[in-house]
Amino acid sequence: MKKNKNNCTKPISQNLILTLLALYFIPISNSPLKKPPPLPILPLPSSPQLEWQLSSMALFLHFGPNTFTDSEWGTGRADPRVFNPTRLNASQWVHAAKSAGFNRVILTAKHHDGFCLWPSEYTDYSVKSSEWKNGTGDVVAELALAAKEAGVDLGLYLSPWDRHEPSYGKTLEYNEFYMAQMAELLTRYSQGGDPHGHDWVPAECDVSIRRGWFWHASEAPKSAVELLDLYYKSVGRNCLLLLNVPPNSSGLISAEDIQVLQEFSDLRKSIFSYNLAENALVSASSTRGGISSSQFDPHNVMKEGIYTYWAPEENQSDWTLLINLQEPVSFNVLQVQEPIHMGQRIIKFHLDILNEEGTWKKVINGTTVGYQRLLQFPTVKSQQLRFVIDKSRAEPLISHSGIYMDKFSIVSSMSDSTSQTSLNGSHILQKSMFNHSEIAAI
């Protein structure tokens with residue numbers, strides 16, 4: 002009831018009451034409610050760790066008196082005046098790294114011999130005692146500036162072992178010395194560290210482009226195919242590849258090393274620039290939120306990046322992706338990625354193809370995935386693929402999958418798990434299992 006101007010009551014219309022009741026019971030939207038993402042599982046990477054792992058490759062720079070004395074293990078007694086890279090060009094180092102697909106450079110600011118590539122205030126065994134720039138130079142500063150200008154990340158290696166410093170071996174005294182030098186590097190040239198990143202421990206694989214870690218005139222770089230094999234065994238196994246490319250005694254990266262880096266980059270582009278499954282039709286054994294949910298749709302695995310992914314429905318025992326390539330395709334590399342910001346989940350999986358007889362045949366078994374797994378096997382051809390997750394720590398999530406054709410590596414299925422890789426008739430025998438995976442006979 003309500004009152005009019007003369008304070009008289011007026012009955013509310015019955016039609017108005019019915020209208021209000023109808024509006025109350027009509028749902029606001031006919032669209033189904035979205036199902037929230039699954040909960041992450043521990044351990045999880047911190048934001049800096051995630052950024053580090055997504056970078057995949059970094060370039061290591063071993064440089065110091067060893068470069069000039071033709072040594073691998075400095076004694077700490079080399080005359081600092083031998084260090085004189087008259088043509089040093091840190092921008093050339095950074096450009097070589099960036100053009101080959103590396104987005105971080107890491108310099109041995111101090112190696113085991115104790116020689117510092119920056120003018121440390123805590124020792125005279127450094128560039129300030131060298132003939133380079135009459136003792137006024139700073140390699141770390143030049144590299145830090147070049148990296149910043151090129152948009153490349155910088156890392157600094159500070160050896161805990163110091164064969165020159167007299168306090169080494171005297172625990173408290175040397176710890177104070179070491180921490181003081183670390184503070185110099187972190188406050189002058191680089192970002193600070195993260196003391197809370199202790200739960201997630203990503204792996205790194207460091208290897209040199211040459212036989213030694215420092216430059217030696219008598220050594221030649223590995224071939225591009227050898228670097229490609231190292232790529233499969235590091236980046237393809239959820240590791241970051243830290244490839245050492247040592248500057249020579251003039252202060253430049255040698256031309257033959259740069260050529261191999263470019264060839265290595267060209268090989269990767271030739272193989273991985275196009276996903277042969279890009280236009281495939283993808284279905285799944287189940288989808289979180291139902292088949293109408295685009296948020297966790299199985300076709301998300303054809304998208305680049307880790308932030309979109311396929312998620313199965315909860316409490317399922319069958320985790321399968323069916324991939325219809327729409328025409329028969331030949332391939333010999335499988336790529337699988339997990340959204341690691343949600344935790345690493347997959348423990349075991351395998352890939353099947355549908356053969357000409359209409360029978361599913363297993364191609365390869367795999368174990369853990371993480372950010373990325375690249376698995377090699379003898380070339381197969383099929384239109385229908387079946388990716389099966391056999392075991393997982395929780396509901397598995399797949400952010401990306403791809404198949405590729407590597408025309409440069411030759412992989413043979415052998416009983417002793419050896420494999421042979423070749424490029425232009427140059428053969429390399431590798432006595433290790435591919436990607437910790439078991440190759441099944443087709």
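Terminal number for the sequence shown in my numbering: 443, no gaps in between.
Beta carbons are placed, not taken as given, at the ideal position from N, Cα and C, and that holds for glycine.
_Span of the alpha helix (DSSP H) around M180_ = Sequence index remark: in the sequence shown, residue 180 carries index 179 (1-based). First-last of the alpha helix (DSSP H) with M180: 172–189.
*Express the C-alpha separation of N325 and M406 in angstroms, rounding to a whole number.*
Numbered from 1 along the sequence shown, position 405 holds the residue referred to as residue 406. Numbered from 1 along the sequence shown, position 324 holds the residue referred to as residue 325. Near 17 Å, if we compare the C-alpha coordinates of N325 and M406.
*Using CA coordinates, which residue listed in F388, G403, V261 is at the minimum distance from N304?*
To locate residue 304, count along the sequence shown from 1; it is residue 303. Per the sequence shown, the amino acid found at residue 304 is Lys instead of Asn. Nearest C-alpha to K304: G403.
*Would the beta-carbon of D154 be found less than 6 Å away from any heavy atom of the ligand COA?*
As for the ligand COA, it is missing from this structure, which has no ligand bound.
*For V141 versus A110, is the C-beta spacing smaller than 7 Å?*
Within the sequence shown, numbered from 1, the residue matching residue 141 stands at position 140. Within the sequence shown, numbered from 1, the residue matching residue 110 stands at position 109. Closer than 7 Å, so yes.
*Could you work out which residue in I399, W320, P340 is closest to L55 when comparing CA atoms only?*
By one-based count along the sequence shown, residue 55 stands at place 54. Nearest option by C-alpha distance: P340.
_Residue interval of the beta strand (DSSP E) (run including H351)_ = Locating residue 351 in the sequence shown gives position 350, counting from the first residue. Per DSSP, H351 belongs to the beta strand (DSSP E) from 347–355.
*In chain order, what residues of the same chain have a beta carbon less than 6 Å from the beta carbon of N249, not counting five sequence neighbours either side?*
Taking the first residue of the sequence shown as 1, we reach residue 249 at position 248. These residues qualify, in order along the chain: W216, S255.
*Mind listing, in chain order, the continuous beta strand (DSSP E) runs of no fewer than 3 residues lying wholly within the segment 202–269?*
204–209, 240–245
*To the nearest angstrom, how far is it from the Cα of T87 to the Cα of R238?*
Indexing the sequence shown from 1 puts residue 87 at position 86. Indexing the sequence shown from 1 puts residue 238 at position 237. The alpha-carbon atoms of T87 and R238 are separated by roughly 40 Å.
_Residues in the same chain with beta-carbon distance under 6 Å from A145, minus the five sequence neighbours each way, listed in chain order, please._
Counted from its first residue, the sequence shown places residue 145 at position 144. Correct list, in chain order: L155, Y190.
*How would you label L34, buried or exposed, when you count the other beta carbons within 10 angstroms and need 16 or more for buried?*
Counting from 1 along the sequence shown, the entry for residue 34 is found at position 33. Answer is exposed; the Cβ neighbour count stays below 16.
_Just to confirm before moving on: does the CB-CB distance between L352 and V334 stay below 7 Å?_
One-based indexing of the sequence shown puts residue 352 at position 351. One-based indexing of the sequence shown puts residue 334 at position 333. Contact: no.
*asked:* So the candidates are F178, W74, K99, L157; which of them puts its Cα closest to the Cα of L187?
replied: Here residue 187 refers to the residue found at position 186 when the sequence shown is read from its first residue. Taking only the C-alpha atoms, the option nearest L187 is L157.
*S274 to N176, Cα distance in whole Å?*
Looking up residue 274 in the sequence shown gives position 273. Looking up residue 176 in the sequence shown gives position 175. One C-alpha to the other measures close to 48 Å.
*Secondary structure at P49, three-state DSSP: helix, strand or coil?*
Reading the sequence shown from its first residue, position 48 is the one you call residue 49. Helix, per DSSP.
*Would DSSP call Q296 helix, strand or coil?*
Here residue 296 corresponds to residue number 295 of the sequence shown, with the count starting at 1. The answer is coil: DSSP assigns Q296 none of H, G, I, E or B.
*asked:* Quick check on the burial criterion: 16 or more other C-beta atoms within 10 angstroms. Buried or exposed for N301?
replied: Numbered from its first residue, the sequence shown carries residue 301 at position 300. N301 should be labelled buried.
*With 16 other CB atoms within 10 Å as the buried threshold, where does W74 fall?*
Residue 74 sits at position 73 when you count from the first residue of the sequence shown. Exposed, because fewer than 16 other Cβ atoms sit within 10 Å of the Cβ of W74.
*Can you tell me whether DSSP reads N276 as helix, strand or coil?*
The count along the sequence shown starts at 1 and reaches residue 276 at position 275. Coil, per DSSP.
*asked:* To the nearest angstrom, how far is the alpha carbon of T68 from that of G252?
replied: Within the sequence shown, the letter at position 67 stands for residue 68. Within the sequence shown, the letter at position 251 stands for residue 252. Approximately 9 Å, taken between the alpha carbons.
*Residue span of the beta strand (DSSP E) that contains P329, given as start and end*: As a first step, residue 329 is located in the sequence shown; it is residue number 328 there, counting from the start. Unbroken beta strand (DSSP E) run through P329: 320–338.
*Out of L376, K392, Y372, T380, point me to the one whose CA is closest to A204's CA.*
Here residue 204 refers to the residue found at position 203 when the sequence shown is read from its first residue. Taking only the C-alpha atoms, the option nearest A204 is Y372.
*Using 8 Å as the threshold, is the segment 262–271 in touch with the segment 292–300, meaning 3 or more CB pairs across them?*
no
_Coil, strand or helix - K304 by DSSP_ = Position 303 of the sequence shown, counting from 1, holds the residue named residue 304. Coil at K304, not helix or strand.
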